[in-house]
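Read the structure below first, then the notes.
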Amino acid sequence: MLKQIEGSQAMAQAIALCRPEVICAYPITPQTHIVEGVGALVKTGDLENCEFINVESEFAALSVAIGASAAGARAYTATASQGLLFMAEAVYNAAGLGLPIVMTLGNRAIGAPINIWNDHSDAMAMRDAGWIQLFAETNQEAVDLHILAFRLAEELSMPVMVCVDGFILTHAVERVDIPDQAQVDAFLPPYDPVQVLDPEHPASIGAMVGPEAFTEVRFLAHYKQQQALRLIPAFSGELAKAFGRASGGVLRTYRTEDAETVVVAMGSVCGTIKDVVDEMRDEGAKIGVVSLVSYRPFPVEELRRILAPAKNVVVVEKSIAVGVGGPLADNIDGALRNLDGRPKLHSAIAGLGGRPITRASLRRLFHTAVENPWQGAHFLDLNEHAVGREIHRVRKIRRSGSTAENILRQLAAANPLPPG
Amino acid sequence: MTQAKTLQPEEARQKLKFYQKGTFTVGNRLVSEEERSVQASEDRSNALTSGHRACQGCGEALGARYAIDAAMRATDSDLIAVNATGCLEVFTTPYPETSWQLPWLHSLFGNAAAVATGVAAAMRVKKKKTRVIAQGGDGGTTDIGFQCLSGMFERNDDVLYICYDNEGYMNTGVQRSSATPPAARTATTPAVGPSPGNVFGTGKFLPKIAVAHNIPYVATATVADLHDLERKVVKAMSIHGARYIQINVPCPLGWGAASCDTIKLARLAVESGLYPIFEAEHGRVTQARKIRKQVPVREYLILQKRFAHLFRDGVDDPRVARLQAICDAHIAEYGLLGEDNEV
Amino acid sequence: MFQIRIHGRGGQGVVTGAEMLSVAAFVEGRHAQAFPSFGSERTGAPVVAFCRIADREIRLREPVQDPDCVILQDPTLLKVIDVFSGLKESGYLLVNTNKSFDELHLRGVVEKLPPGHAVIVPATDLALKHVKRPAPNAALLGAFAALTGLVHFESVKRAIAETFPGKVGEANIAAAQEAYDLVFSHERAATV
Amino acid sequence: MKTMDHDFAITLDVGTSLANHTGSWRTFRPTYVHRLPPCNDACPAGEDIQGWLSFAEAGDYEAAWRALTKNNPLPAVMGRVCYHPCENACNRAQIDSAVGINSVERFLGDMAIAKGWRFTPPAHKSGRKVLVVGAGPAGLSAAYHLALFGHAPTIHEAGPAPGGMMRFGIPKYRLPRDILDAEVARLADLGVRIEYNSKVADLQTTMKEGGFDAAFLAVGAHIAKRAYIPAGEAAKVLDAVQVLRSMEGEDKPLLGRRVVVYGGGNTALDVARTAKRLGAEEAIIVYRRTREKMPAHDFELEEALEEGVMMKWLSTIKNVEAGAITVEKMKLDEKGFPQPTGEFETLEADSVVLALGQDVDLSLLNGVPGLEMMDGVVHVGPDMMTGARGIFAGGDMAPSQRTVTVAIGHGKRAARNIDAFLRGETFAPPPRHELASFDRLNTWYYGEAPKTMRPMLEIARRSATFEEVVQGLDESNALYEARRCLSCGNCFECDNCYGVCPDNAVVKLGPGKGFEFNYDFCKGCGLCASECPCGAIAMVAEEI
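Residue numbers (my numbering), protein chains in the order written: chain W, 351 to 770; chain U, 977 to 1319; chain V, -5 to 186; chain Z, -18 to 525.
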């Protein structure tokens, strides 16, 4: 059913349609509306057979989900940013234990400095935890990916993180087609765990594994996650048939067929990029974009196939691995490894801490990549004046205090009114 | 015939009932199987079975089997255990062998209470009667697991949390925890300098904090009093909601004591008043186990190398008196002296 | 694509206004996107919300930089921020005030816009009258429908009713109706 | 239980650690041992007290009685007259008070009489004949054991009735005669022949005529020791043996209203208490030393004092006249010996009874070659055999304490050696276990349970009648008392080892079968040994 609805509410309804049995809620901006939404559905009785547990921290949230999932219940939770880091230990643990928990990540920057706005630092911090990470471009896709996530998680006994840009999607009201219960039930069978805590069939789950078998355990986790590269398209196909629309897949291409410049990005920014691609195509530029849905597992073969013919690959990503550069760019670089005549790779860091990524800036970026390429990571719309002054000042005075504070002071001095 | 001093029938029956040799021992050949302790039974579940890698004389291994076997009997073996990281976890489940014989889950060091909440929630939503126990050492309970534990208490989740309190981080090599007693030497409170060992005036006695959550049941116990321990576990399993039992389990390695003294130390901890044994229901202390044969705390301390610095050069350190004062305070607070109404 | 930017203060229903507007467009089978200037809005702080309306899927996620319409819920913001930033020359301006554009020193802005594209409406007064709360957003949407003709007033009414079920919705609809009527008559007067 | 399909390595099948044999960690191994309980150790009759108490505490009184009578055929008697050194040795005395072993023994003995329990006769008869001289405790005991061995013992008793000094030396109020008779009858029932009024004057002749293969001599000390005391012609001076023996006949001794007894042993007390019962207004015991030095048992003195017997400490009788005696006051020197002070005192006395000890009539041994006699007793070896082959001796005849219990022990030991002798072998006593001393116990596990006091006959009746002074226990009291036993040194199946083993390495074998260690898993921590209440587990170093 088509609705004009806030993204968080749409996701809440979709999650409820997946019949989760245990939901763990802890507030953190910007995912809060989602669990509030599901919680209300539990309270009203619209979502039956569901324990909604208000926990005392994100660490507990995922831990409760771990217990519930190990005991055979379909478990769900949501978090963001600091919350994900606070539960980091449990994030790895859930994956290690092979528990098919689904978690929404309302992507948000990580402090300090504290920042509640969108970027992908949080997802990147947990990219190696063993979870499948799927990035939604729209709220429609966010809805569909959640339904797909439960199917995928339970098929593989592996947790899935659905990454949704905080505010940009979670708080955006837009048109979303919410499937009905019968459609979801037909797509998503009841949870039938491979292993479960059961007094009838006792086992010890969570053993200590030493050097003699740890490598094998990790190999198997890696092997298992790669199965998702096959399953995600398969399930997306099923879902398209059932719901009458294409969602998911490991990635989607837009006007890449003859593109000399291919942009790669994840999440909601892909929409803006598509608009820019259309504009530039209209101007004659051979440009396309790849929207990467599955960041983990990383679709190396698929990316090689698509990117190989291009001359330039521009990676636009909302995170910075301090000291290295863009982690997505690094992964793309890895995908192109040893490729003969491989395209040039241009890494751009954009939208950190919620800075708007505008069409204008992107156009400039794509032109520059082709005409005047840079080395290393490019920070889109960087206030070079502010950083230049700070670098200069730090060179002069040691112990100059917090860089963030200093830049804020400078900005305030330079521009008394924040931009509208 | 005139009776001089003889037992009245009621009195005699009372005495016979408790058959002197069987009052405190694990079993008693003269009472029926049902009246004996779980541990006396040939059919006990041995939930924690042989072949585990605990040190010789491990109090925790003992306490865990006591508690879980009792819970197994109380639940007709319809039980799931969640374990925090720590000695108990490491010595029972190193790949490829486990010593547990019930469904058991280990997740992390600090989240056992929350994981157990999840298991309990799953059982509720699945409409199963299966009961849930979370267990961990004092580090996993009073320190790193404290937040999850408090949350579980506060929500009154249907979980019995058992803390095996050996007063330190033994798994990592005997470091101080918030359950380490004053003056005790640990790897992080070495017995050097002007104030050797752990400082006075710190630490926390978690059972009181548990009581402050107004949960249905809180109790302390030791491996030295099996009947008391089993009774408390059985009682806990008869209650739904959040429950907490803290069991004193001496650690021969960490305490620097002979492996054969494990139970004796637990006994002396109680009999000195250092470790008050009580139970509380809904925020109120309802019973305190009386001291049977009071001993000065010195007798307890002197058996342990972690307190050896208190007895150097044949002179008692003034800290011994301070520890005795702690015992005396416990005795006064919980009313540990006098006749015990319950045996 | 038609882009609207709404300026107001926390508590004035700025975000809800944008959302209701998107619903009104949705009701008409169009694509619409509403989103706030993301942040931890506290009551009284300057707040911006955006709405895009189009006849095809809206992919753009950047904040509205070059609005087709600016709705100013609170004229006191004029001293704080540049609410007209990027406003298209063919754009619309809707200001909630009891004063005139001259009194607000907005003559210059209004004159840049096509005639009849700038209008004032005492939305807060209307809200106080009908809703008994200083929440001018519904009234402004009524005025917006009248000013731009982008959405039918019937759609605005449905959007308000979906957002505020029951009596509150009716009161808001009444406020919107009065604003609509006010602007509609004003516009007709201007065009006649 | 089906195994689940599960993850590699991180999920494990239950109980798989049984493959890990932690027994290899062990440097000390626990072993179950039997240690000798101090009661058994102290019992002159060699009773397995702890053994029979363990039946009694389970309420199986017949089994208890049968276990008891393996060593002692006269529990009802012994339950009255034994001075119970077992109780003095009892470890429980260090906790609260000794277990009332003697009272439980009497309870069992009395129950056996009441229920008519009989001894089980031996399966085989040897056809060998053994002469037993004297039907006192030693003789009866030896005859009993010999009968159980299948031999044919015949007791020649000089007197008209069995019991020896039990009958002629112990007053009725301490040992009712029907009890004695009942237990002797049970022996006769087993096949012990007793010929009364059959004094053996010449051992060799009797043996030859009777065709005996061996002999056990157990003649009691019936001859009173005398001391020279100047006495007037009208003075009435008797000896204790004479007085107590005449109590068994028709004519009771005439002692008068004021009786003085001279001596400090149990016999002196018996005489004084008998005198009170015969109507004496005053019974005074004159003893040359102090209460602390008195050889008589303190509990008997207490009973005597309760009954009105008076004591004259630190006094010797210098002269006896009709109606009065003169005593000299004594004082103890530095070494504790009484020394005369030269101070004299006169006491009224209608009679004086000397209770200064007894001797054995050894005349029957005249002419037996190889016998060695010294200080009025026959020298015997550890096997109770005298210097003459095949001739054994015990009881008062052999050098030792002269108590009924010692005599019963002698009888048993002699019987075992006679049995071996008859088979041409040497009896080798089993090695004695290490003593289960108090420090071997973990007394924490024993509940608080003070000793049950045996009811006493009220004072008024005690001084007027010969009714038994000390009463028996009823069943609940006896059971309670039996259960006070700590079972020192011997497993009583308390399950402590089974319970306290952190490695589940103790296997419970079922009721009555005890436990065994599973050395595959025992790490040798020693908790089982420490927490064994009764010290029945020893830690032994592993051989490396």
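Glycine included, every Cβ here is placed at the ideal spot set by N, Cα and C.
In this structure, U:Pro1252 is the residue among U:Val1095, U:Ala1030 and U:Pro1252 with its C-alpha nearest to the C-alpha of Asp1304 of chain U. Chain W places no beta carbon closer than 8 Å to that of Leu49 of chain Z, leaving this residue out of the contacts.
The bridge partners DSSP lists for Phe564 of chain W come to none. In chain order, Asn72 and Gln75 place their CB closer than 6 Å to the CB of Phe419 of chain Z, counting only its own chain and leaving out the 5 sequence neighbours on each side.
Counting the other Cβ atoms within 10 Å of the Cβ of Thr407 of chain Z gives fewer than 16, which makes it exposed. Here DSSP, grouped into helix, strand and coil, assigns Asp515 of chain W to strand. Using a CB distance cut-off of 8 Å, Leu1205 of chain U does not count as an interface residue toward chain Z.
In terms of beta-carbon proximity, Thr3 of chain Z lines the interface with chain U, with at least one pair separated by less than 8 Å. Counting C-beta atoms within 10 angstroms of its own C-beta, His105 of chain Z has fewer than 16 neighbours from the protein chains shown and is therefore classed as exposed. Cβ neighbours of Thr3 of chain Z within its own chain (closer than 7 Å, five residues either side excluded): Asp484, Phe502 and Lys504. Less than 8 Å divides the Cβ of Glu667 of chain W from the Cβ of Ala679 of chain W. Looking at the DSSP output, Gln354 of chain W shares a beta bridge with W:Arg525. For the segment 704 to 735 of chain W, the set of residues with a beta-carbon nearer than 7 Å to any beta-carbon of chain V comprises Gly704, Pro706, Ile707, Thr708 and Arg709, in chain order.
Around the beta carbon of Asp22 of chain Z, 16 or more other beta carbons lie within 10 angstroms, which makes this residue buried. Counting along the chain, no beta strand (DSSP E) covers Arg397 of chain Z; the unbroken alpha helix (DSSP H) around it starts and ends at Val385 to Leu403. Close partners of Ser16 of chain V in chain W (Cβ separation under 8 Å): Gln354, Val523 and Glu524.
The residue from U:Asp1054, U:Met1048 and U:Leu1084 with its alpha-carbon nearest to that of Glu1065 of chain U is U:Leu1084. Among the residues facing chain V, Ile518 of chain W is included, as its CB has a counterpart in that chain under 8 Å away. At a cut-off of 8 Å between beta-carbon atoms, Leu(-7) of chain Z makes contact with chain W.
With respect to Gln1077 of chain U, Val(-5) of chain Z sits close: the two C-beta atoms are nearer than 8 Å.
Proximity to Ile416 of chain W across U:Gly1113, U:Ala1297, U:Ala1097 and U:Pro1158 peaks at U:Ala1097, based on C-alpha coordinates. The beta carbon of Gly480 of chain W is closer than 6 Å to those of Ala445 and Ala571 in its chain, skipping five residues each way along the sequence. Thr187 of chain Z and Gly368 of chain Z have their alpha carbons spaced roughly 18 Å apart. For His(-13) of chain Z, the closest Cβ of chain W is nearer than 8 Å.
For Lys73 of chain V, the closest of V:Lys123, V:Ala117, V:Ala129 and V:Pro40 by C-alpha to C-alpha distance is V:Pro40. Annotated three-state conformation of Thr1051 of chain U is coil, per DSSP. Per DSSP, the continuous beta strand (DSSP E) segment holding Trp1080 of chain U begins and ends at Trp1080 to His1082.
Residue-level contact check: Val559 of chain W touches chain U, since one or more beta carbons of chain U fall below 8 Å from its beta carbon.
Under the three-state reduction of DSSP output, Trp425 of chain Z falls in the helix class.
Under DSSP, His137 of chain Z forms a beta bridge with Z:Val114 and Z:Glu176.
If you check the CB distance, Ala1037 of chain U and Ala1030 of chain U come in under 8 Å. Neighbours of Glu13 of chain V in chain W, taken as residues whose beta carbon is under 9 Å from its own, are Gln354, Glu356 and Val523 in chain order. Just measuring C-alpha positions, the residue of W:Ile656, W:Leu352 and W:Thr429 sitting nearest Met476 of chain W is W:Thr429.
Between Tyr1042 of chain U and Thr1198 of chain U, the alpha-carbon positions lie close to 10 Å from each other. Between the alpha carbons of Arg47 of chain Z and Pro410 of chain Z lies a gap of roughly 21 Å. Note that the C-beta distance between Glu429 of chain Z and Asn477 of chain Z is not below 8 Å.
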